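**Q** To get this note's numbering, take the position in the sequence shown, counting from 1, and add 11.
Ideal Cβ positions, reconstructed from N, Cα and C, are used throughout, including at glycine.
The structure displayed is predicted, hence computed values, not measured ones.
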Amino acid sequence: MALPRKIRNFNVFIDGRSYFGIATEAKLPQPKLQTEAHRGAGMDGPVGIDMGMEGMSAEVTMSEWDPTLLKMLGTTGNRLVLRPVAESSVDTGTDAIVATIGGLFTSTEFGDLKPGADTPLKLMIDVRYYRLTVNGAEVHEIDFANGKRVIGGVDQLRGIRRAMGL
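(1) Pop quiz: T86 and V96 are said to be a contact at Cβ under 8 angstroms. What is the actual Cβ separation, rounded to whole angstroms?
(2) Using the C-alpha atoms, what's the distance from F116 back to R50?
(3) Using only the alpha-carbon positions, how far apart do G88 and G114 sit?
(4) Can you tell me which of P131, A107, L124, G170 puts its alpha carbon nearest to the alpha carbon of R19?
(5) Skipping 5 residues on each side, what residues in its chain have a beta carbon closer than 7 angstroms to that of S29?
(6) Touching or not, the segment 129-139 and the segment 72-83, by the rule of three or more beta carbon pairs under 8 angstroms?
(7) Using only alpha-carbon positions, find the residue among R90, V138, E36, G170 that is nearest to M73.
(8) What's the gap between the Cα of E98 and the Cα of D55?
This is how it looks when you write it as structure tokens:
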């Protein structure tokens with residue numbers, strides 16, 4: 012019987028420091044093309060034309076207010092690495108997933124202060140660089156500043172960069 016490989020757990024690294032046991036939740040970037048509808052003469056309906064990508068964001072929630080993380084607001088030189096692990100209940104193999112994210116730390120959101128309740132810290136990142144690998148194989152590498160979009164090993168913007176003399 013085939014059963015899906017489910018995300019079983021994850022870890023968070025920021026600038027190489029592990030937040031094992033501290034991070035409680037994370038949200039990966041959602042790559043999405045920005046399209047423009049085109050319906051030319053004779054066409055029965057519009058088709059989407061690739062006009063680049065929409066902006067991406069990522070989030071990570073921590074169970075403590077680490078001053079190191081609070082000081083990252085407004086900085087861009089930091090790397091966020093999310094490492095979820097997928098596993099099937101049928102076999103014992105695991106899939107190592109690595110999401111490397113670079114960008115601008117744009118917001119720190121504090122949870123509500125209540126006695127005896129968890130008060131998390133949520134960090135939001137405006138993504139400028141994103142790379143996703145599964146078991147070492149690259150799935151996505153998106154680098155907005157350098158005009159690079161590699162999906163499944165194909166650099167979709169190579170011809171555009173070459174035509175611009177880059």
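**A** This is what the structure holds:
(1) The count along the sequence shown starts at 1 and reaches residue 86 at position 75. The count along the sequence shown starts at 1 and reaches residue 96 at position 85. The Cβ separation is near 29 angstroms, so there is no contact.
(2) Translated into positions along the sequence shown, residue 50 becomes position 39. Translated into positions along the sequence shown, residue 116 becomes position 105. Taking the straight line from one Cα to the other gives about 40 angstroms.
(3) Looking up residue 88 in the sequence shown gives position 77. Looking up residue 114 in the sequence shown gives position 103. Each residue's alpha carbon lies about 7 angstroms from the other.
(4) Within the sequence shown, residue 19 is the residue found at index 8, counting from 1. For R19, the nearest C-alpha among the options comes from A107.
(5) For this step, residue 29 is matched to residue 18 along the sequence shown. N22.
(6) yes
(7) By one-based count along the sequence shown, residue 73 stands at place 62. Comparing Cα-Cα distances from M73 to each of R90, V138, E36, G170, the minimum goes to E36.
(8) To locate residue 98, count along the sequence shown from 1; it is residue 87. To locate residue 55, count along the sequence shown from 1; it is residue 44. Rounded to the nearest angstrom, the two C-alpha atoms are 45 angstroms apart.
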